[in-house]
Structure formats: structure tokens, C-alpha cells
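These notes concern the structure reproduced below.
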Amino acid sequence: MGFEVEIKFRVADLLALEDRLRSLGVAPGPEVRCVDLYFAHPGRDFALSDEALRLRCEGDENRITYKGPKQGGPTKTREEIEIDYSSGSSSREQMERLLGNLGFVPVEAVAKTRRTVEIQQDGHTLTVVLDDADELGTFAEVETLADTQGELPEAQRRVIELAGALGLTEVEPRSYLRLKLERRNLERSP
175 MGFEVEIKFR VADLLALEDR LRSLGVAPGP EVRCVDLYFA HPGRDFALSD EALRLRCEGD
235 ENRITYKGPK QGGPTKTREE IEIDYSSGSS SREQMERLLG NLGFVPVEAV AKTRRTVEIQ
295 QDGHTLTVVL DDADELGTFA EVETLADTQG ELPEAQRRVI ELAGALGLTE VEPRSYLRLK
355 LERRNLERSP
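In terms of the numbering used here, the sequence shown opens at residue 175 and continues consecutively.
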């Protein structure tokens, strides 16, 4: 079992953030198109249980991810189980069909252009993700992984410190899925 520890920020100027990353001696990698398709469970409400199931297509690579309920603390921390499966659109379509046959229903797709940089810090890897999310805006996520609950306080401290060093201040606590659903509901309102 592993835990994802992250904070997402709204960012008005991704180029300025890239400059701050370069000042730390790192630079984001190439742009990758990323599409996340979220599913509703046939027997429980993920909105109430605070869970998520998604298929991610990142470039040509595919993975399925389960995110457990958020835990308390200064960061968004939750169990994450992520499994890669065969690359390509055919494999992705087969996985969508498999989930559909099991009763899972697609809820929403979130598309973004993403650049990622990994930062090594005292034997730990922190990741900064720069996202230009379709219809939602520009964001940065600062994240790391913790293998056990005992490692969470240190992982949270590292994420918070790196975010501060990068000058990130406008925390966005909502997921991209939540933002997209809220936007869709606003568009439907009279």
C-alpha cells in the first residue's frame, strides 16, 4: 500500500514557475497529452466515499488508478493504487469495455497538457507537475509518495517546503474532476 501526498496550486504564469525550477537546477520534461477518464462505481457513490477510479492515457501509455478517501493533514493524502497496462488505444478501449461490462459507468474525461520534473531531496523523490487543463486553467502539483503511514508527516513536510521554495501560494483543494463537474453544472444552470 502506498500513499500519494500532494498539493495542487493555481498558477497564473507557468513560464515564471519554470524559471524558478531552473533556479533549483531542474527543468520540466517535454509536454505530454494526458486524458483521464473517471468512472462511477455500480454499487456505491464515489462522491460520498471520497474515492476515485480512473483510466489514464498519458501519451501512448495507459494505467488504471484507484484513489482512496482523503486523510487528514495539511496536504491531500490518500492511498493510491496504480497499475500500468498495455499501451495503445486498443488496450485502452478494451479496459473501458471491461469496466463497462462490470457495471462501471464513465462520468467525465479531463484532458490536459502536462510537463513533469522530478527533484531528488535527501534520498526522496518529489515531483512537480505543470498542467494546462482544458477548460480549467493552469496548475502545478507538488507531490511525493510515502510507503507507510509513519512516513506521511515527513512526506507532507517535504511537499510543503518545496511548494514554498517555488513561491506557490494559491492552493486549489478540488480535484480536476470536481472542477470539471462544477463547471458542467454551472453551464447547465439557467
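The beta-carbon is built from N, C-alpha and C at its ideal position, and this holds for glycine as well.
The structure presented is a predicted model; accordingly, all values stated were derived computationally and were not measured.
Residues near residue i by beta carbon distance below 7 Å, same chain, minus five either side
| i | result |
| --- | --- |
| PHE313 | LYS182, PHE183, ARG184, VAL185, ASP305, ALA307 and GLU346 |
| SER265 | ASN236 and TYR259 |
| LEU273 | PHE213 |
| GLN245 | THR251 and ARG252 |
Rounded separation between residue i and residue j - CA only
| i | j | result |
| --- | --- | --- |
| PRO366 | VAL209 | Outside the displayed range of the chain (175 to 364) lies residue 366, so it cannot be described from this structure. |
| SER223 | GLY242 | 8 Å |
| SER349 | LEU191 | 21 Å |
| ALA320 | GLU356 | 30 Å |
| ASP234 | ARG207 | 9 Å |
| GLU325 | CYS231 | 29 Å |
| GLY169 | ARG228 | As shown, the chain starts at 175 and ends at 364. That puts residue 169 outside it, with no answer to give. |
| THR249 | ALA329 | 9 Å |
| GLU225 | ARG196 | 35 Å |
| LEU276 | ARG218 | 13 Å |
| ARG362 | GLY311 | 20 Å |
| GLU344 | PRO327 | 22 Å |
Nearest-angstrom Cβ-Cβ length linking residue i and residue j, presumed shorter than 8 Å
| i | j | result |
| --- | --- | --- |
| ARG289 | PRO202 | 4 Å |
| PHE220 | PHE278 | Going by Cβ atoms, the distance from PHE220 to PHE278 rounds to 10 Å, so no, they are not a contact pair. |
| ALA283 | LEU211 | 5 Å |
| THR239 | GLU267 | Between GLU267 and THR239 the Cβ distance is about 18 Å, and since that is not below 8 Å, they are no contact. |
| THR318 | VAL179 | 5 Å |
Cβ-Cβ distance between residue i and residue j below 9 Å
| i | j | result |
| --- | --- | --- |
| ILE293 | LEU198 | yes |
| VAL316 | LEU342 | yes |
Proximal residues to residue i (C-beta, below 8 Å), its chain only, five neighbours per side dropped
| i | result |
| --- | --- |
| GLU205 | THR287, ARG288 and ARG289 |
| GLU309 | LYS354 and ARG357 |
| GLY176 | GLU253, GLU254, ILE255, LEU319, ALA320 and ASP321 |
| GLN295 | ARG332 and LEU336 |
Proximity winner among the options, relative to residue i (alpha-carbon distances)
| i | options | result |
| --- | --- | --- |
| GLY262 | ASP193, ILE255 and GLU270 | GLU270 |
| ALA337 | ARG194, GLY176 and ASN275 | ARG194 |
| ARG352 | ILE238, LEU273, VAL281 and TYR240 | VAL281 |
| THR322 | GLU335, GLY311, THR301 and GLU254 | GLU254 |
| VAL333 | GLU225, LEU276 and THR301 | THR301 |
Below-9 Å beta-carbon distance, residue i vs any chain C residue
| i | result |
| --- | --- |
| ASP306 | This model lacks chain C altogether; it includes just one protein chain. |
Sequence-distant residues of the same chain with beta carbon closer than 6 Å to residue i, five excluded per side
| i | result |
| --- | --- |
| GLY247 | GLN330 |
| THR299 | GLU292 |
| ALA285 | VAL209 and ASP308 |
| LEU340 | ARG194 |
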